[in-house]
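The sequence shown begins at 317 in my numbering and counts up one residue at a time. The C-beta atom is built at its ideal place from N, Cα and C for all residues, glycine as well. All values reported here derive from a predicted model rather than from experimental measurement. This report concerns only the one structure given below.
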Amino acid sequence: MERIKHLVTDNPDLSFAILLAVGVFTFFAITEPLFFTHRTGFAIMERFAVLGLVGLALTLCIIAGEIDLSIGSNAALAAVITVRFTDDWGAVNALLLALAISTTIGAIQGYFIAYLRIRAIVLTVGTLMLLRGVALFAAEEKTVMLTDFRIPDFITTKMLVYFSPASLLVIAMFIVVGLFMAFTRYGREIYAIGGARKEALASGVSLQRPMIIVFAISGFCAGLGGVIIGLRSGTAQALGLQYLLLAGTVAAFIGGVSILGGKGGVIGAGIGTLTVNFLNTGLVFNVTPAFMVQLYLGILLLVVIMFQTGSRVFDERQRRTQLLNDVDRRRS
């Protein structure tokens, strides 16, 4: 408990994320009578099962000082593969194939970024287009559908009031990745190459290993999100998941990542995802047009970036003032 207290009090970005999440939730709970219900809570956690994975993946990439723009196309390809082959091969074999392909794609991206020093923003745009074409080919440019809908019924089974098997699986994923980032050497290396890459490389930290790990996890998260979407709805489209990139990016920045890298965490990713889900769900109750939802997400992202910038400037001024005070004391 003391560790959590220090984590919040010593991290203004995380504190801001918590206040923002509470504020958005409270606003809609007061203004929308149906918002504060078990049914809505379950719906929010169902959205968390997919968007949480995307937010988690992007959080890790940004911590490492990079970005994965291909995550939506990777998820769409996984959804198409899962739905396309479930009837013939069974759900387990189909989802394992989808996860293996998505994770391998992510790891290959990490390899090229680390060994060939290609900027991730350039490489992943190319991968985005490539995977979009592969998904269209695999789906034969149409919506693919399951014939047996017992699997979607299981995936969406309500458990413990607010949860389903999918959302519980994603929560477990958050816990595992959080422990990995906090208590392993590889997690510390990911923070190091994002926050101070030149210094980390000079001290002997490998760029290749953490970069491949980060993008492999990103690919796995994208694949798992696509699998959940495909099995939950029983359908998949090659071009249906591009919205995940924007929503996941907003969730990551709300959670406290810095565009400079080396900052953020799994707890923040979860809080950021919940905040985006609160906003989306509340706007749905208000019958808000889709373009307005995108507008509000953009505004929310700008507010968060402005807060982070202001907080960073304030911290720099505080350090400068402290340094000058120390110099004055030594002179006197």
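Where T419 falls, given that 16 or more other Cβ within 10 Å makes a residue buried: In the sequence shown, counting from the first residue as 1, residue 419 sits at position 103. When all chains shown are included, T419 counts as buried.
Hey, out of F479, F343, E382, N641, whose CA is closest to F601's CA? Along the sequence shown, one-based indexing puts residue 601 at 285. The candidate whose alpha carbon is nearest that of F601 is F343.
By how many angstroms is the C-alpha of L369 removed from the C-alpha of D384? Stepping through the sequence shown from its first residue, residue 384 is reached at position 68. Stepping through the sequence shown from its first residue, residue 369 is reached at position 53. Distance between the alpha carbons of D384 and L369 is about 13 angstroms.
Opposing strand residues paired with F479 [DSSP bridges]: Your numbering for residue 479 matches position 163 in the sequence shown. Per DSSP, M475.
Sub-7 angstroms separation of D403 and G572 beta-carbons: Residue numbering aside, residue 403 sits at position 87 when the sequence shown is read from its first letter. Residue numbering aside, residue 572 sits at position 256 when the sequence shown is read from its first letter. No; because the gap between Cβ atoms is not below 7 angstroms, this pair is not in contact.
Buried or exposed: where does G371 fall if 16 or more other Cβ atoms within 10 Å of its Cβ makes it buried? Taking the first residue of the sequence shown as 1, we reach residue 371 at position 55. The residue is buried, with at least 16 neighbouring Cβ atoms inside 10 Å.
Whole-angstrom distance between V603 and A430, CA atom to CA atom: Looking up residue 430 in the sequence shown gives position 114. Looking up residue 603 in the sequence shown gives position 287. Whole-angstrom Cα-Cα distance: 45 angstroms.
Give me the DSSP bridge partner(s) of M622. The residue you call residue 622 lines up with position 306 of the sequence shown. None; M622 has no bridge partner.
Does DSSP put V603 in a helix, in a strand, or in coil? Translated into the one-based positions of the sequence shown, residue 603 becomes position 287. In the structure shown, V603 sits in coil (DSSP, three-state: anything other than H, G, I, E or B).
T459 by DSSP, collapsed to three states: which one? Within the sequence shown, numbered from 1, the residue matching residue 459 stands at position 143. T459 falls in the coil class under three-state DSSP.
I'd like the list of long-range same chain contacts for V486, defined as Cβ closer than 7 angstroms, with 5 residues on each side in sequence excluded. In the sequence shown, the residue the question calls residue 486 occupies position 170. Counting only Cβ-Cβ distances below 7 angstroms, and skipping sequence neighbours, we find F364, A365, G368, L369.
Could you pull the DSSP bridge partners for A552 from this structure? Working through the sequence shown from its first residue, we reach residue 552 at position 236. The partner list for A552 (beta bridge, DSSP) reads V460.
How would you label N641, buried or exposed, when you count the other beta carbons within 10 angstroms and need 16 or more for buried? Counted from its first residue, the sequence shown places residue 641 at position 325. Under this definition N641 is an exposed residue.
Outcome for P605 when other beta-carbon atoms lying within 10 angstroms are tallied against a minimum of 16: Stepping through the sequence shown from its first residue, residue 605 is reached at position 289. It counts as exposed.
Would you tell me roughly how many angstroms separate the C-alpha atoms of I529 and G614, rounded to the nearest one? If you number the sequence shown from 1, residue 529 lands on position 213. If you number the sequence shown from 1, residue 614 lands on position 298. Distance between the alpha carbons of I529 and G614: 30 angstroms.
contact_flag[the region 512-520, the region 388-396] where n(CB pairs < 8 angstroms) is 3 or more: no
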